[in-house]
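Take a look at the structure set out below.
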Amino acid sequence: MEGFSWGNYINSNSFIAAPVTCFKHAPMGTCWGDISENVRVEVPNTDCSLPTKVFWIAGIVKLAGYNALLRYEGFENDSGLDFWCNICGSDIHPVGWCAASGKPLVPPRTIQHKYTNWKAFLVKRLTGAKTLPPDFSQKVSESMQYPFKPCMRVEVVDKRHLCRTRVAVVESVIGGRLRLVYEESEDRTDDFWCHMHSPLIHHIGWSRSIGHRFKRSDITKKQDGHFDTPPHLFAKVKEVDQTGEWFKEGMKLEAIDPLNLSTICVATIRKVLADGFLMIGIDGSEAADGSDWFCYHATSPSIFPVGFCEINMIELTPPRGYTKLPFKWFDYLRETGSIAAPVKLFNKDVPNHGFRVGMKLEAVDLMEPRLICVATVTRIIHRLLRIHFDGWEEEYDQWVDCESPDLYPVGWCQLTGYQLQPPASQCKLVYRKGVLL
1 MEGFSWGNYI
11 NSNSFIAAPV
21 TCFKHAPMGT
31 CWGDISENVR
41 VEVPNTDCSL
51 PTKVFWIAGI
61 VKLAGYNALL
71 RYEGFENDSG
81 LDFWCNICGS
91 DIHPVGWCAA
101 SGKPLVPPRT
111 IQHKYTNWKA
121 FLVKRLTGAK
131 TLPPDFSQKV
141 SESMQYPFKP
151 CMRVEVVDKR
161 HLCRTRVAVV
171 ESVIGGRLRL
181 VYEESEDRTD
191 DFWCHMHSPL
201 IHHIGWSRSI
211 GHRFKRSDIT
221 KKQDGHFDTP
231 PHLFAKVKEV
241 DQTGEWFKEG
251 MKLEAIDPLN
261 LSTICVATIR
271 KVLADGFLMI
281 GIDGSEAADG
291 SDWFCYHATS
301 PSIFPVGFCE
311 INMIELTPPR
321 GYTKLPFKWF
331 DYLRETGSIA
341 APVKLFNKDV
351 PNHGFRVGMK
361 LEAVDLMEPR
371 LICVATVTRI
381 IHRLLRIHFD
391 GWEEEYDQWV
401 DCESPDLYPV
411 GWCQLTGYQL
421 QPPASQCKLV
431 YRKGVLL
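Sequential numbering of the sequence shown, starting at 1, is according to the UniProt record's numbering.
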């Protein structure tokens, strides 16, 4: 599967990709504008025998995330020389760039004798046509500047004990994704990948401020050059009022299992922290010491009121070892002497996200978060997306929020220089079954 091409994959299967505007955290996600089919651009002319680099005008035939299928002007309905490119690439320019830069516009060799007056042809073709904004490349560059820098210290979830955080240091930043190395890692291989807007990272001192468990570092003083990340750089959570009716320890709810993201499980609030944060345990599979409790904010789109799965025809995973099947919440609450968390306390906001079933994208495998894979949206429940990794079995699907910073447009990996995992072959399926975190 070396040399995976999104263009070939989309062409051969007539796939549709999620538009860039679905991904507000991604480069150009909030300023993509009206880039669409028939927009004209100036691009290198590869159908040319001249020794110097020359350009020609092409129109967008199809868009797939950042990638555009282009056709040189003059080819009309002939798709023979159509080609895919990343519209945010450095060789893509608005019409008029060549004239302003003193670059020659030369028609492709295949059609160079089609017209005697190419200038008149272009004037006719381009009158009233749309092109990229003149500052497009500048906006691309600005949207790929990230405030997180190497040597910054953060608190991040401990991937081996989800109930606590540890100090980690930013090792590298790629496209807003951080490679974090736990501070006590002597050989710098004990790492964790996440986006800078991930709910899993926080400023130094966050755990103490809300009452979250924290693994104190054996390192007594900061290493040279390391410094605490300014708190304002982290994603803000919605303020909540905990003074009135609020979540209480022991209340039941439904939650995405952080250790098996394909399932929504019966869960319990184990501890109420400050600032709206909750420690959640998955019923029937909790460690005795609570080491697998997981912190979700009260506004998290990954927790749901009792009955959510039934209403939305999602399979609810009952507690491990629970034998009274099919599972009924009414019976379970009575048997355990529990109450359901009030429905009104959950996040009901559903953004107009733009995703549709069948759309292609690039998605982080949250069980192995250094990997970004070719993926498909297979279900949409309000703001919840079911993400399927192409070529893998459905048991590896993951429930992800529509605004998750772990979802990216087609072409994101190419744009940022990150390695994209192609659709799996059967030999990889066997290997993957042992992977967790």
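Where is the CB? At the ideal position from N, CA and C, for every residue including glycine.
Check, Outcome
"Inter-residue Cα distance where the pair is His297 and Gly358", "30 Å"
"Buried or exposed by the 16-neighbour rule on C-beta atoms within 10 Å, applied to Leu385", "buried"
"The segment 371–378 / the segment 310–328 touching (three or more Cβ pairs under 8 Å)", "no"
"Pairwise C-alpha distance: Leu50 and Ile57", "17 Å"
"For Gly89 and Val20, the rounded distance between their alpha carbons", "15 Å"
"Distance CB(Val173)-CB(Lys149) smaller than 8 Å", "yes"
"Beta-carbon spacing of Glu393, Leu316 below 8 Å", "no"
"Validate contact between the segment 152–160 and the segment 177–193 using beta carbons, cut 8 Å, 3 pairs", "yes"
"Run of the beta strand (DSSP E) containing Trp84, from where it starts to where it stops", "Phe83 to Asn86"
"Neighbour-count burial assignment, Glu184, 16 or more Cβ in a 10 Å radius", "exposed"
"Which listed residue (Pro422, Glu362, His388 and Ala424) has its alpha carbon closest to that of Val410", "Glu362"
"For Cys85 and Val39, believed in contact at Cβ under 8 Å, the rounded distance", "Rounded, the Cβ-Cβ distance is 13 Å, inconsistent with contact."
"One or two residues paired with Leu325 in a DSSP bridge", "None, per the DSSP bridge assignment."
"Supposed contact pair Ile60 and Glu76 - C-beta distance, whole angstroms, cut 8 Å", "With a Cβ gap of about 15 Å, Glu76 and Ile60 do not count as contacting."
"Expected contact under 8 Å - CB spacing of Thr299 and Gly276 to nearest Å", "7 Å"
"Inter-residue Cα distance where the pair is Cys151 and Glu171", "6 Å"
"Assumed close pair Cys402, Pro351 - CB separation to whole angstroms, cut-off 8 Å", "6 Å"
"Buried/exposed call for Tyr72, threshold 16 Cβ in 10 Å", "buried"
"Residue closest to Gly102, alpha-carbon to alpha-carbon, out of Ala64, Asp190, Lys139 and Phe55", "Phe55"
"Segment limits, alpha helix (DSSP H) that includes Ala100", "Trp97 to Ser101"
"Residues sharing a beta bridge with Gly281, DSSP", "Thr268"
"Unbroken alpha helix (DSSP H) run spanning Gly413, endpoints", "Note that residue 413 is Cys in the sequence shown here, rather than Gly. Segment Trp412 to Thr416, the alpha helix (DSSP H) holding Cys413."
"Residues near Leu366 by beta carbon distance below 7 Å, same chain, minus five either side", "Leu261, Gln398 and Asp406"
"Selection from Leu162, Pro230, His113 and Asp224 that minimises the alpha carbon distance to Gly290", "Leu162"
"DSSP-derived helix/strand/coil call for Gln398", "strand"
"Runs of alpha helix (DSSP H) wholly within the UniProt repeat \"MBT\" (4–108) (minimum 4 residues, chain order)", "6–13 and 97–101"
"Residue interval of the alpha helix (DSSP H) (run including Trp206)", "Trp206 to Ile210"
"Three-state class that DSSP yields for Trp118 in the structure shown", "helix"
"As assigned by DSSP and simplified to three states, the class of residue 460", "The first residue shown for the chain is 1 and the last is 437, placing residue 460 beyond what the model contains."
"Beta-carbon contacts of His93 that lie in its chain and below 6 Å, excluding the five residues immediately before and after", "Glu42"
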